[in-house]
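Sequential numbering from 1 applies to the sequence shown in my numbering. What follows is a single structure, written as structure tokens, with notes after it.
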Amino acid sequence: MSKRYDQYCPVAHALGLVGERWSLLIVRELLQGPKRYTDLAASLPGIGTNILAARLKELETCGLVTKHRLDPPAASMVYELTPYGLELKSVMRSLALWGLRSIGPPTDEEDFAPGWLYGALDTVFAPSAPAGSFEFRIGSEVAGIVDGEAQRGPIEEPDVVLEAGVEAFYWLFVERRWKGVKVTGERELLEQLLDAASAPAPAAPALV
Numbered sequence: 001m002s003k004r005y006d007q008y009c010p011v012a013h014a015l016g017l018v019g020e021r022w023s024l025l026i027v028r029e030l031l032q033g034p035k036r037y038t039d040l041a042a043s044l045p046g047i048g049t050n051i052l053a054a055r056l057k058e059l060e061t062c063g064l065v066t067k068h069r070l071d072p073p074a075a076s077m078v079y080e081l082t083p084y085g086l087e088l089k090s091v092m093r094s095l096a097l098w099g100l101r102s103i104g105p106p107t108d109e110e111d112f113a114p115g116w117l118y119g120a121l122d123t124v125f126a127p128s129a130p131a132g133s134f135e136f137r138i139g140s141e142v143a144g145i146v147d148g149e150a151q152r153g154p155i156e157e158p159d160v161v162l163e164a165g166v167e168a169f170y171w172l173f174v175e176r177r178w179k180g181v182k183v184t185g186e187r188e189l190l191e192q193l194l195d196a197a198s199a200p201a202p203a204a205p206a207l208v
């Protein structure tokens with residue numbers, strides 16, 4: 001445990017496990033599946049290699065992350081969440097919805113990590129998705145949901161396809177604005193998905 005608050009409090013204990021800078025972002029990436037060290041470094045621009053190594057070691061010590069070597073021919077060392085670490089998925093969903101209230105729409109200055117769309121669908125939309133198949137084409141990313149399971153890449157014969165830029169997708173989810181959004185297929189099914197995903201509460205004042 002990297003931090004101690006000298007309090008018998010589950011919140012303080014949880015912060016001792018994942019409260020260091022970058023820790024939850026590493027968890028976010030590993031929720032997409034096992035990753036090599038180089039994959040994590042590439043998806044977390046700005047993190048120093050010494051910090052990444054330290055955070056991974058801390059998460060291993062806490063029992064949230066484990067590492068193992070893949071079978072040949074890959075034979076790469078990968079990191080993945082333990083069952084205890086995977087339980088953070090619902091926490092990340094709530095944190096993402098809470099953060100959406102004040103993050104504001106994306107700007108041209110902000111980067112998106114490769115695979116962000118799959119991560120968003122898996123964390124925010126898939127847990128409450130109705131039966132059916134959905135394909136999302138957002139900017140340069142393509143991912144989908146099939147019967148409540150997020151999938152990377154195109155979906156075979158989807159019931160509905162949504163195409164939009166990242167800003168239009170943000171406004172569709174947050175305020176149900178359909179400007180700049182193209183829907184092919186069963187729009188009513190898409191609306192069911194959006195309603196089930198529970199858009200965040202009315203926007204909080206943007207943080208400066």
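The beta carbon of each residue, even a glycine, is placed where N, CA and C say it ideally should be.
Asked, Found
"Using a Cβ-Cβ cutoff of less than 6 Å, which residues in the same chain neighbour Lys233 once the five nearest sequence positions on both sides are dropped?", "The structure shown does not extend to residue 233, since the chain spans only 1 to 208, so no value can be given for it."
"Cα-Cα, which of Glu188, Ala143 and Ile26 is closest to Pro154?", "Ala143"
"Quick one: what's got a C-beta closer than 8 Å to Leu194's C-beta in the same chain, skipping five residues either side?", "Leu172, Phe173 and Arg176"
"Going by C-alpha distance, which of Tyr84, Asp71 and Gly48 is nearest Val27?", "Tyr84"
"Sort out for me which residues DSSP pairs Ile138 with in a bridge.", "Glu141 and Ala164"
"Quick check on DSSP: helix, strand or coil for Thr107?", "coil"
"Check whether the stretch 128-136 touches the stretch 41-48, counting contact only when three or more Cβ pairs, one atom from each stretch, lie closer than 8 Å.", "no"
"Going by the CB atoms, is the gap between Leu81 and Thr66 shorter than 9 Å?", "yes"
"Spatial neighbours of Gln32 within its chain, please: CB distance less than 8 Å, with the 5 preceding and 5 following residues excluded, ordered by chain position.", "Gly115, Tyr118, Gly119 and Asp122"
"Return the Cβ separation of Ala197 and Ser128 in integer angstroms, given the expectation that the two are a contact with Cβ distance under 8 Å.", "6 Å"
"Which term fits Leu40, buried or exposed, when burial requires 16 or more other beta carbons within 10 angstroms of its beta carbon?", "buried"
"Have a look at Leu24 and Ala75 and give me their C-alpha separation to the nearest angstrom.", "27 Å"
"Could you give the distance in angstroms between the alpha-carbon of Ala54 and the alpha-carbon of Arg187?", "46 Å"
"With a threshold of 9 Å between beta-carbons, can Leu24 be considered close to chain D, or not?", "Looking at the structure shown, chain D is missing, and only one protein chain is on hand."
"Just to confirm, is the Cβ distance from Val11 to Leu64 under 9 Å?", "no"
"Drop a sphere of 10 angstroms on the beta-carbon of Arg93, count the other beta-carbons inside from all chains shown, and report buried for 16 or more, exposed for fewer.", "buried"
"Kindly examine the ligand GTP and report whether one of its heavy atoms sits closer than 8 Å to the Cβ of Glu110.", "Among the ligands in the structure shown, none appear at all, so the ligand GTP cannot be discussed."
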